[in-house]
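Report on one structure; see the data block that follows.
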Amino acid sequence: MLNSFLAEKNELLQKYDKVLNLDIFPVEKEITKESVGKYKKELENERFVVSFCGQIKAGKSSLINALIFGEEILPKADLVQTAAITILKYSEKPYFEAKFYTEDEWEKLKNYTNEEGENYYEKFLKPQVNNSIKHGIYVRELITKSGKKISEKDLTKLEDFVGVNGKYTPFVKEIILYYPSDILKNIDIVDTPGTNDPNEFRSKITENWIHNSNAVVYVVYAGQSFAKQDMDFINSFLIHVPSKHIIYAVNKVDVITNIDELDEWIETLRNNEALKLRKILSKDSEIVKVSALGALINKIYQKTNSIPEHLSYYAEQLEEKGFIENNGFDLLEKAIEDKLIKNKGQNLLDSHKEIFKSIFVRKERELKIEIEKFKDYLTKLAHSKEELKEEIAEVNEQQEKLNDLIKDFRNELMKKSNNTEDKLRELFSNIKNHILRRVNNTINTSHSIKTMKDDVAFTIRNAWEEQSIDVSINLRKIANNLQDSLKETFDNLKNIINKKDIFSTERIDYLMLNHFNKIQLEINESIFNSIGRENLIQEIIEENTNWFQRFINSEGGREKAKSAIKNKIDTQLTNFFNNIVNNTLDKLDSALAKQAEFIQKEIAEELEKLAIQLNKLSTDETDIKNEVDKTEKKISELETKINKIKEMEDEIL
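For the sequence shown, our numbering puts the final residue at 673, and the numbers step up evenly by one.
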C-alpha cells in the first residue's frame with residue numbers, strides 16, 4: 021500500500037515539473053509559477069510520523085531494530101529514567117545527534133517535584149550526574165544557555181548517551197538518529213521513553229510527537245496485565261490520539277503457551293471496564309501479534325547469514341516454536357502502512373490532484389473571459405459615434421446605481437449567513453446532549469472520584485468520535501444549503517447587471533462564479549476547521565485538573581461532587597459549542613463582506629475601463645477595419661491557446 025502511495029506521489033511530482041514548464045502562468049493572478057512550485061515542494065517534503073510507545077521491557081527497541089536496521093542498533097532501555105526519546109530520520113550516512121538541556125531546562129528539572137513530593141533531581145538525576153563526574157563529564161561542559169549538541173558517527177556509542185551508566189545520559193534531552201533505511205525516506209519513527217517517564221521535559225516532547233503522529237504503535241507485553249504505568253500513559257498521552265490511529269502490537273507472543281491462551285488474555289482485557297472505556301484492544305483490525313525478537317533474529321540472519329552468540333540460545337528456542345519466520349512482522353508493517361494511508365496519505369494525494377485540476381480549469385476560464393472582452397470590443401467597434409456617446413452616458417449613470425446594488429447584495433449575503441446560525445446551534449445542541457448523556461452515565465457508575473477525570477475525558481472522546489461521521493454529514497448539509505442559498509443571491513445580482521446590458525453575460529458569469537467559488541471555500545474552511553476533537557477534550561478536561569482535584573479532596577460528599585462535576589461539564593460543553601458557532605459565523609461574515617467588497621471593486625474597475633474604451637472610440641479617428649482585424653486575430657490566438665491548454669490537461673491529468 022505504501023509503495024502504491026509513493027508511486028502516485030512520484031507521479032504527481034513529475035506532473036508538477038511538467039506544469040511548471042508550461043507557458044500558462046499566472047492563472048487568474050493568484051496562481052503563479054512560484055505558488056505552484058511551493059505546492060510541489062510541500063508534497064516533496066511531506067513525511068509520515070509513526071510513534072512507538074509502551075512499557076520498558078515490552079520490546080519497543082527490538083521492534084524498531086527489526087523494522088529499521090535489521091540489527092541491534094538501539095540499546096535496550098533498562099530503566100525509564102535513562103531512556104531518551106529517539107527520533108529516527110533518513111540520511112545517506114548513519115550518525116546521531118544528542119541534544120542536551122538548556123540552562124533554564126536543567127534548573128527547572130532540578131527543582132521539579134512530583135505529586136508524591138519526590139524531587140526528580142535528587143531521586144533520578146543526582147546519582148547519574150555523580151556517575152558522569154567519575155567519567156570526567158561535568159554539568160558546566162554540557163548544560164549551556166542555548167542547548168549544546170554533539171554529533172557522533174559511531175552508532176555503538178549510543179550507549180554513552182542513553183545507557184544506565186552512560187557518561188552523558190543524565191544531560192540528554194533527545195536523540196536524533198540518522199540512518200540510510202528506505203523506510204525512513206518517507207517516515208519519521210519516534211521511539212518514546214517508557215510509559216512511566218518521570219521527566220517532565222521528555223514527557224512534553226513525547227506528547228507533541230504522539231499528538232502529531234499519523235500512526236501510534238502501542239507495544240504490549242503478551243500475557244501481562246496493563247499496569248498503573250500503562251494507564252497513566254494512556255490517560256496522559258493517548259487521550260488526544262484518535263482511536264483509528266492506534267495499533268496495538270502484542271509483542272513476545274513466543275512466551276505464550278498457545279494461541280488460545282493469548283486470545284483468552286486479549287478477551288479478558290477487552291472486558292476490563294477501564295480499558296473498554298478507552299477502546300484498548302477493542303478491534304481485531306488494530307491488534308497485531310508479533311515476536312519482535314523472532315523478527316530481529318530473522319532480519320540479522322538474512323543480512324549477515326549468521327546469528328550473534330548472545331542471541332543463539334533464543335534463536336534455537338524461537339526456531340523450535342516457529343517464531344523466526346512466522347513472527348507476524350509483515351502484518352505489523354502492513355497495519356502501519358494502512359494507518360498512514362488512511363489517516364493522511366490518500367487525503368494528501370487527493371488535495372494535490374485538485375490543485376492540478378484547478379490550474380487548468382481556471383486558466384481556461386481566464387482565457388474565455390479574455391475572448392469575451394474582445395468580442396465586446398468588436399461589438400463596440402460596430403457602433404456609431406452617436407451610439408457610443410449614448411453608451412458612455414449609460415455607463416456613467418449606472419455607476420452609482422451599481423454601487424447601491426452591491427450594498428443591497430452585501431446585506432442579503434449577511435441575512436443568508438444569519439439563517440445558518442440556527443441550524444448550527446441545533447446541530448451542536450444535539451451533539452452536546454449526546455455527550456452529556458454518556459458523561460452522566462460514566463459519572464453515575466464511577467466507583468471513584470479519583471479516576472473520574474480520566475474516565476470522563478475518554479467518555480467525551482468516544483462520544484465525539486461516535487458522532488463524527490454524522491457531524492460531518494450534517495455540516496456538509498448546512499454548508500451546501502448555505503451555498504445554494506447564496507447562489508440565488510449571486511444569480512440575482514448577475515441577472516440584474518445582465519439586464520443593464522453593459523457587460524457581456526459571460527463576463528458577469530465569470531466574475532460572479534470566481535467569487536462564489538471563493539465563498540464556497542470560505543464556507544467549508546469556516547465550518548469544518550472550527551471543530552477539533554482535541555480542542556474539545558482540552559477545553560473540558562486538561563484545564564480542569566485542579567478543579568477535579570478540589571472535589572477529590574473535599575468533604576462535601578460523593579453525590580454533591582458528582583452533581584457539581586456534571587454541571588461544570590454541561591457549562592463547558594455549552595460554552596465550547598457556542599464558541600464554535602460564534603467563531604464560524606464571524607469568519608463567514610468576514611468572508612462574505614470581503615467578497616462583496618471585491619465584487620464592488622472589480623465592477624467599478626470594469627466600468628472605468630469601459631468608459632475609457634468608449635471615450636477613446638468616440639473621439640479617436642480609429643481605423644475600424646484594422647482594429648477589427650487585430651481583435652479577431654487576438655480572439656483566434658486565445659481560442660488556439662485554449663485548445664492547447666486542453667491538450668496539455670489531457671496529457672498531464
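Glycine included, every Cβ here is placed at the ideal spot set by N, Cα and C.
Treat the numbers as computed from the prediction; the structure is a model and nothing was measured.
Problem set entry | Cutoff 7 Å; reference Asn544; Cβ partners in own chain excluding five residues on either side | Numbered from its first residue, the sequence shown carries residue 544 at position 524. Once the five neighbours on either side are set aside, the close Cβ partners of Asn544 are Ala499.
Exercise. When you compare only the Cα positions, how much space is there between His535 and Ser81?
Worked result: Taking the first residue of the sequence shown as position 1, residue 535 is located at position 515. Taking the first residue of the sequence shown as position 1, residue 81 is located at position 61. Computed Cα separation, rounded: 54 Å.
Exercise. Where does Glu671 land, buried or exposed, given buried means 16+ other C-beta within 10 angstroms?
Worked result: Counting from 1 along the sequence shown, the entry for residue 671 is found at position 651. Exposed: under 16 other Cβ atoms inside 10 Å.
For this session: Quick one: give me the first and last residue of the beta strand (DSSP E) that Ser71 is part of.
Result: In the sequence shown, counting from the first residue as 1, residue 71 sits at position 51. Phe68 to Gly74 is the extent of the beta strand (DSSP E) around Ser71.
Problem set entry | Span of the beta strand (DSSP E) around Asn292 | On the sequence shown, residue 292 is found 272 positions in, with the first residue counted as 1. Here Asn292 belongs to no beta strand (DSSP E), and DSSP marks it neither H nor E.
Problem set entry | Beta-bridge partners of Ile307, as assigned by DSSP | Locating residue 307 in the sequence shown gives position 287, where the first residue counts as 1. Tyr268, per the DSSP bridge assignment.
Problem set entry | Beta-bridge pairing of Ala176 - partner residues as DSSP gives them | In the sequence shown, the residue the question calls residue 176 occupies position 156. Contrary to the premise, residue 176 reads as Thr rather than Ala in this sequence. Thr176 is not bridged to any residue.
For this session: Assign His467 to buried or exposed, taking buried as 16 or more other Cβ atoms, counted over all protein chains shown, within 10 Å of its Cβ.
Result: Indexing the sequence shown from 1 puts residue 467 at position 447. That one is exposed.
Problem set entry | Expected contact under 8 Å - CB spacing of Ile320 and Ile344 to nearest Å | Reading the sequence shown from its first residue, position 300 is the one you call residue 320. Reading the sequence shown from its first residue, position 324 is the one you call residue 344. Ile320 to Ile344, Cβ: 11 Å. No contact.
For this session: Look at the alpha carbon of Glu579 and the alpha carbon of Ser152, and state the distance between them as a whole number of angstroms.
Result: As a first step, residue 579 is located in the sequence shown; it is residue number 559 there, counting from the start. As a first step, residue 152 is located in the sequence shown; it is residue number 132 there, counting from the start. Going by the C-alpha atoms only, they are around 54 Å apart.
Exercise. Between Lys169 and Lys119, is the Cβ-Cβ spacing less than 8 Å?
Worked result: Indexing the sequence shown from 1 puts residue 169 at position 149. Indexing the sequence shown from 1 puts residue 119 at position 99. Contact: yes.
Problem set entry | 3 or more residues per run - each beta strand (DSSP E) lying fully within the region 407–476 | Entirely contained in the region 407–476, not one beta strand (DSSP E) run reaches 3 residues.
Exercise. What residue from Phe191, Asp490, Arg382 and Lys629 has the CA that sits closest to Glu161's CA?
Worked result: Taking the sequence shown and counting its residues from 1, one reaches residue 161 at position 141. Glu161 has its Cα closest to that of Phe191, out of Phe191, Asp490, Arg382 and Lys629.
Exercise. Assuming Ala483 and His454 make a contact with CB atoms under 8 Å, what is their CB distance in whole Å?
Worked result: For the purposes of this step, residue 483 is identified with residue 463 of the sequence shown, where counting begins at 1. For the purposes of this step, residue 454 is identified with residue 434 of the sequence shown, where counting begins at 1. The pair is a contact, with the Cβ atoms about 6 Å apart (cut-off 8 Å).
Exercise. Going by the C-beta, is Ile672 closer than 7 Å to any heavy atom of the ligand NAP?
Worked result: Ligands in the displayed structure: none, and consequently the ligand NAP is not present.
Problem set entry | Neighbour-count burial assignment, Arg527, 16 or more Cβ in a 10 Å radius | Position 507 of the sequence shown, counting from 1, holds the residue named residue 527. Arg527 comes out buried.
Exercise. Val184 by DSSP, collapsed to three states: which one?
Worked result: Within the sequence shown, residue 184 is the residue found at index 164, counting from 1. DSSP places Val184 in coil when its eight states are reduced to three.
For this session: Measure the C-alpha to C-alpha separation of Lys96 and Tyr115 and round it to an integer number of angstroms.
Result: Along the sequence shown, read from residue 1 onward, the residue named residue 96 stands at position 76. Along the sequence shown, read from residue 1 onward, the residue named residue 115 stands at position 95. Each residue's alpha carbon lies about 18 Å from the other.
For this session: Classify Asp208 as helix, strand or coil using the three-state DSSP reduction.
Result: Along the sequence shown, read from residue 1 onward, the residue named residue 208 stands at position 188. Here Asp208 sits in strand by DSSP.
Exercise. Alpha carbon to alpha carbon, how far is Ala247 from Val237?
Worked result: By one-based count along the sequence shown, residue 247 stands at place 227. By one-based count along the sequence shown, residue 237 stands at place 217. Near 18 Å, if we compare the C-alpha coordinates of Val237 and Ala247.
Exercise. Can you tell me where the beta strand (DSSP E) with Val149 in it begins and where it stops?
Worked result: The residue labelled residue 149 in the question sits at position 129 within the sequence shown. Val149 -> not in any beta strand (DSSP E); alpha helix (DSSP H) instead, spanning Lys146 to Lys154.
For this session: Starting from the C-beta of Asp124, find all residues in its chain whose C-beta is less than 6 Å away, skip the five residues before and the five after it, and write them out in chain order.
Result: Numbered from its first residue, the sequence shown carries residue 124 at position 104. None.
Problem set entry | Best match in Met21, Pro46, Ser656 and Leu63 for proximity to Asn30 [C-alpha to C-alpha] | One-based indexing of the sequence shown puts residue 30 at position 10. That would be Leu63, whose Cα lies nearest to the Cα of Asn30.
Exercise. Apart from the five residues just before and just after Gly79, which ones in its own chain have a Cβ nearer than 8 Å to its Cβ?
Worked result: What you label residue 79 is simply residue 59 of the sequence shown in a count that begins at 1. Around Gly79: Val239, Tyr241, Asn271, Lys272, Ala312 and Leu313.
For this session: With Val39 as the anchor, note down where its beta strand (DSSP E) starts and where it stops.
Result: As a working mapping, residue 39 is identified with position 19 in the sequence shown. Not the beta strand (DSSP E): Val39 falls in the alpha helix (DSSP H), residues Leu22 to Leu40.
Problem set entry | Opening and closing residue of the beta strand (DSSP E) in which Phe116 lies | Within the sequence shown, residue 116 is the residue found at index 96, counting from 1. Here the beta strand (DSSP E) through Phe116 covers Tyr115 to Phe120.
Exercise. Roughly how many whole angstroms lie between the Cα atoms of His760 and His265?
Worked result: Coverage of the chain is limited to positions 21 through 673, which leaves residue 760 absent and any answer about it impossible.
Exercise. Quick one: is Gln148 buried, meaning 16 or more other Cβ sit within 10 Å of its Cβ, or exposed?
Worked result: Within the sequence shown, residue 148 is the residue found at index 128, counting from 1. Buried, since its Cβ has 16 or more Cβ neighbours within 10 Å.
Problem set entry | Proximity to Lys377 [Cα-Cα], best of Lys35, Leu433 and Val182 | Translated into the one-based positions of the sequence shown, residue 377 becomes position 357. For Lys377, the nearest C-alpha among the options comes from Lys35.
Problem set entry | Three-pair Cβ contact test at 8 Å for the region 488–496 versus the region 407–420 | Output reads no: the region 407–420 does not touch the region 488–496.
Exercise. Tell me which same chain residues have a C-beta within less than 8 Å of the C-beta of Ile665, skipping the five on either side of it?
Worked result: In the sequence shown, the residue the question calls residue 665 occupies position 645. Same-chain partners within the cutoff: Ile44, Phe380, Lys383, Glu384 and Leu387.
Problem set entry | Cβ-based neighbour list, Glu91, same chain, cut-off 7 Å, excluding 5 preceding and 5 following | Looking up residue 91 in the sequence shown gives position 71. Once the five neighbours on either side are set aside, the close Cβ partners of Glu91 are Asn85, Ile320 and Lys323.
Exercise. Do you know how far the Cα of Leu533 is from the Cα of Glu647?
Worked result: Locating residue 647 in the sequence shown gives position 627, counting from the first residue. Locating residue 533 in the sequence shown gives position 513, counting from the first residue. Straight-line Cα distance between these residues: approximately 30 Å.
Exercise. Can you list, in chain order, the residues of its chain whose CB lies under 8 Å from that of Leu282, leaving out five sequence neighbours each side?
Worked result: As a first step, residue 282 must be located in the sequence shown, where it is residue number 262. Answer for Leu282: Ala242, Gly243, Val270, Val273, Ile276 and Lys309, listed in chain order.
For this session: Grab the span of the alpha helix (DSSP H) containing Glu136 for me, first residue to last.
Result: In the sequence shown, the residue the question calls residue 136 occupies position 116. Looking at the DSSP string, Glu136 is not in any alpha helix (DSSP H), and its letter there is neither H nor E.
Exercise. For His260, which of Lys177, Ile480, Lys421 and Ile632 has the nearest alpha-carbon?
Worked result: On the sequence shown, residue 260 is found 240 positions in, with the first residue counted as 1. Ranking Lys177, Ile480, Lys421 and Ile632 by Cα distance to His260 puts Ile480 first.
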